[in-house]
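Just so we're aligned: the sequence shown equals residues 1 to 607 in the UniProt record's numbering. From the three backbone atoms N, C-alpha and C, an ideal C-beta is built for every residue, glycine too. Values in this document were obtained by computation on a predicted structure and should not be read as measured data.
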Amino acid sequence: MHLERYLWLCILINVVVAKEYIIRLKNNYSITKFMNSDVFNLPNRKVSDFILDNGHQIKKVIEFGNFKCFIVDDSTDKRISLDLMERLRKHPFVQDITPNIKVELYGDAEHQGADNDNHNDTDMVEETVWQDDDDSEDQDDDEYKGVDIQFGAPRHLGKLSSRHQLPYNVKDEKEFKEFIHYYYDRYYQGTNSVVYIIDTGVYKEHKEFGNRVHFGGDFIGEGKGDYNGHGTHVAGLIGSKTFGVAKNVTLFDVKVLDQKGFGNLTSVLEGIEFAVNNCKLKQQPMGKNCVINMSLGTIRNPIINEAIKEAFLSGITPVVAAGNNNFSACWTSPASSNFAITVGAMDDRTDTIAVFSNWGQCVDIFAPGVRIKSLSNRMLENGVIHSGTSMASPIVAGLVAILMEKGYKCDEIKQKLIDDSSKSIFSKLTLFFKYGTPNRVIYNGIEEVINVNKENIRQREETDESKEYDTIEDIDDSANETKTEEDDDNFEEHDPDYSNEPLNDDDDTDVENTPDKDGFHDGSSNNGDKSSNEEEEDTSSDEDSSYYKPPLSHSRRKFFDKFHKIGRFKYPSIKIHELAKYMRSYKPVKNVFEDSENLYLDVLWIS
């Protein structure tokens, strides 16, 4: 009840002090026709003359698609007369009239006191690993064909490509950094998409953007550039090389908020007008796809929601932030628009809804929004960390740019995001008192690519199994091939413990390489266990068991797929990136698992 009174008070204050009003016309009428029509109940008195005679002027006209409005202000520095507004409101051409109220960015929620962790924003900026164009690693494994991996990626990217909770240590945020990777589609990175960032501006000279940021317009009168930092941070999450979801997308800087983060309905409407007209006249004719990101908002307003609708009907996908007030997003605009993708913030450290995030049935999906790292407008070498739904929205906008590049239309995108999302992530306690809030988190659907590859592999293997060898001698001859020096060199490059020399009984190697009678390694240690050594001496081969057999080369592995045994090898304290290289370089790896101390690999074994 108190919250509702507060909202109505804000509306009344804006109405009382307003010196500008926005008059929106119905779809079937042009502004010229309206100006030449008669004033309500005043025959032979044109609207244009009536406005000027009352000491007012038409400040701006905004028009795109079927959306048409104009702004009336008071040239005498007095409040606009209620008589004028009343007569205009009753005109049959007029759809609605609203004061030109303030619009503001959804600022850093931690600075607003919404996050109770009280972290220092400089904690993590020391160790940024900048992503170069050639840093991501292509996967040679057939299962990961078409998938690139950004190793040690920012957490928000790791969450985007994972359905599981990411590891996190509250005492040491950096502990699991090297375990977090971003898996993404190599062939779709937003190259054919354009995202309009309606915000505080963008520091487009940042090297992370690679000359992909274009200046669209300044509708607040402050000049080019980002003097706040919010817009640059948002742009980095959409399309920078290190922090961005769509690493090749084209970005447009549409400045509608000043250095303090404030604008008004007029500046925002002008920004949307630019985006729609630029997209329709210049981008769509070239086959480009268009997305709008708006990490800003105000109290619920029909005019801004109608502008979002018209952008959507023009083929543009609007992605907007839900807001940081911890109440229903349906009370704000543009988050309440049915034609926008409204994004709430979740905490990927705990898989809960962020304590500051707006919620409710107007929220379509959640994305990471707590302690999100991205670019700075001050060219800080290590970026900055912010929290808020302002950070969650651009993550989704980047993914939308990729989906549109894949061929999804703006009226299909929202359902695609919902279908691909990770469901039932939040506990019932998290959703308590948040009626109608969806329980779904953004996911980039990379498993689709992997599943297609797996199906292709399965079909290929079925085809191979249907083939018969001419004679049993063909198999025996191939099985007795001498391993090449290339096999040894390749394996030694990734395994410093590898040696093709016989292992002595007292050799203290980490690799357990003696198979049992079935060809499997039991994972038990031979050191210090005399009885087990004696038993193994009775069953092991005199000439083969003392040698470590390297995995087969790719050409030889094809033939041996059906004729192999498994060797199990133990690697204490192996680093995850070394394991990743091993997995990518050697297709014979069949299984990986670990216990509290060791990590084990099951690989092909020539028996």
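Pull the bridge partners of G231 from the DSSP assignment, please.
For the purposes of this step, residue 231 is identified with residue 231 of the sequence shown, where counting begins at 1. According to DSSP, G231 bridges with nothing at all.
Quick one, which of F70, L82, I101 and H214 has its alpha-carbon nearest T298's?
Start at 1 with the first residue of the sequence shown, and residue 298 comes out as number 298. Out of F70, L82, I101 and H214, I101 has the C-alpha closest to the C-alpha of T298.
Which one or two residues does DSSP pair with D73 in a beta bridge?
Reading the sequence shown from its first residue, position 73 is the one you call residue 73. Per DSSP, E20 and Q57.
Contained alpha helix (DSSP H) runs [length at least 4] in the segment 232-306, N- to C-terminal order:
265-278
Check whether S193 and A235 have beta carbons under 8 Å apart
The residue given as residue 193 occupies position 193 in the sequence shown. The residue given as residue 235 occupies position 235 in the sequence shown. No, these two residues do not count as a Cβ contact at 8 Å.
Secondary structure at H156, three-state DSSP: helix, strand or coil?
What you label residue 156 is simply residue 156 of the sequence shown in a count that begins at 1. Three-state DSSP puts H156 in a helix.
Do the CB positions of H156 and I395 come within less than 8 Å of each other?
Counting from one through the sequence shown, the residue named residue 156 turns up at place 156. Counting from one through the sequence shown, the residue named residue 395 turns up at place 395. Yes.
Do the segment 373-383 and the segment 416-426 meet, that is, are 3 or more Cβ pairs less than 8 Å apart?
no
V194 by DSSP, collapsed to three states: which one?
Within the sequence shown, residue 194 is the residue found at index 194, counting from 1. The answer is strand: DSSP assigns V194 an E or B state.
If we call anything under 8 Å between Cβ atoms a contact, is A311 one with V276?
One-based indexing of the sequence shown puts residue 311 at position 311. One-based indexing of the sequence shown puts residue 276 at position 276. Contact: yes.
At which residues does the beta strand (DSSP E) containing residue 647 begin and terminate?
Any answer about residue 647 is impossible in this case: the structure gives the chain only from 1 up to 607.
Do G231 and I197 come within 8 Å of each other at the CB atom, strictly closer than that value?
By 1-based counting over the sequence shown, the position of residue 197 is 197. By 1-based counting over the sequence shown, the position of residue 231 is 231. A contact, by the Cβ cut-off of 8 Å.
Alpha carbon of I566 to alpha carbon of K177, nearest angstrom:
What you label residue 566 is simply residue 566 of the sequence shown in a count that begins at 1. What you label residue 177 is simply residue 177 of the sequence shown in a count that begins at 1. No answer about I566 holds up, because its pLDDT of 44 lies below 50 and its placement is not dependable.
Could you check if L251 is buried or exposed, using at least 16 other CB atoms within 10 Å of its CB as the buried criterion?
In the sequence shown, the residue the question calls residue 251 occupies position 251. It counts as buried.
Could you give the distance in angstroms between the alpha-carbon of S81 and the alpha-carbon of E412?
Here residue 81 refers to the residue found at position 81 of the sequence shown. Here residue 412 refers to the residue found at position 412 of the sequence shown. Approximately 45 Å, taken between the alpha carbons.
Counting pairs of beta carbons, one from the segment 272-292 and one from the segment 34-49, are three or more of them closer than 8 Å?
no
When you compare the CB positions of V213 and Y183, do they come within less than 8 Å of one another, or not?
Position 213 of the sequence shown, counted from the first residue, corresponds to residue 213. Position 183 of the sequence shown, counted from the first residue, corresponds to residue 183. Cβ atoms of V213 and Y183: not closer than 8 Å.
Determine whether the Cβ of V276 lies closer than 8 Å to any Cβ atom of chain B.
No chain B is part of this structure, which consists of one protein chain only.
To which residues of the same chain is residue 612 closer than 7 Å at the C-beta, ignoring the five residues directly before and after it?
This structure leaves residue 612 out entirely; the chain is present only between 1 and 607.
Among R300, R45 and G388, nearest to residue 614 - alpha-carbon criterion:
The structure shown has nothing for residue 614, since the chain only spans 1 to 607.
Close Cβ partners of K406 (< 7 Å) along its chain, the five nearest in sequence each way excluded
Indexing the sequence shown from 1 puts residue 406 at position 406. Hits under 7 Å: Y188.
Cα-Cα, which of F433, F366 and I372 is closest to N444?
Position 444 of the sequence shown, counted from the first residue, corresponds to residue 444. Nearest option by C-alpha distance: F366.
Between S376, D348 and K280, which has its C-alpha nearest F209's C-alpha?
Residue mapping note: residue 209 aligns to position 209 of the sequence shown, counting from 1. The shortest Cα separation from F209 among S376, D348 and K280 belongs to S376.
What does the alpha-carbon distance come out to for the pair F50 and I71?
For this step, residue 50 is matched to residue 50 along the sequence shown. For this step, residue 71 is matched to residue 71 along the sequence shown. So the alpha carbons of these two residues sit roughly 15 Å apart.
Using CA atoms only, rank isn't needed, just tell me which of C410, N44 and L403 is closest to P318.
Your numbering for residue 318 matches position 318 in the sequence shown. Ranking the options by Cα distance to P318, first place goes to C410.
If the criterion is Cβ atoms closer than 8 Å, does the pair K19 and D83 meet it?
On the sequence shown, position 19 is the one that residue 19 refers to. On the sequence shown, position 83 is the one that residue 83 refers to. Cβ atoms of K19 and D83: not closer than 8 Å.
Confirm, please, whether the CB-CB distance from K373 to P154 is below 8 Å.
Translated into the one-based positions of the sequence shown, residue 154 becomes position 154. Translated into the one-based positions of the sequence shown, residue 373 becomes position 373. In this structure, K373 lies closer than 8 Å to P154 by Cβ.
Who are the near neighbours of K280 in its chain, counting only those whose CB is closer than 7 Å to its CB and skipping five residues on each side?
Counting from 1 along the sequence shown, the entry for residue 280 is found at position 280. Closer than 7 Å at the Cβ level, and outside the excluded window around K280, lie S314.
Three-state secondary structure assigned by DSSP to Q415:
Numbered from its first residue, the sequence shown carries residue 415 at position 415. If DSSP states are grouped into helix, strand and coil, Q415 belongs with the helices.
Ignore the nearest five residues each way along the sequence and tell me which others in V47's own chain have a CB closer than 8 Å to its CB.
Position 47 of the sequence shown, counting from 1, holds the residue named residue 47. Answer for V47: F34, M35, N36, S37, D38, V39, L88 and H91, listed in chain order.
Distance check for G201 and F243, CA to CA, integer angstroms please.
Residue numbering aside, residue 243 sits at position 243 when the sequence shown is read from its first letter. Residue numbering aside, residue 201 sits at position 201 when the sequence shown is read from its first letter. So the alpha carbons of these two residues sit roughly 18 Å apart.
Tell me the residue span of the alpha helix (DSSP H) that contains T389.
Position 389 of the sequence shown, counted from the first residue, corresponds to residue 389. T389 to E405 is the extent of the alpha helix (DSSP H) around T389.
For Y106, count neighbouring Cβ atoms within 10 angstroms of its own Cβ and tell me buried if that reaches 16, exposed if not.
Taking the sequence shown and counting its residues from 1, the one referred to as residue 106 is at position 106. By the neighbour-count rule (16 or more Cβ atoms within 10 Å), Y106 is buried.
So, D199 versus L265, is the Cβ gap smaller than 8 Å?
By one-based count along the sequence shown, residue 199 stands at place 199. By one-based count along the sequence shown, residue 265 stands at place 265. No, the Cβ-Cβ distance between D199 and L265 is not below 8 Å.
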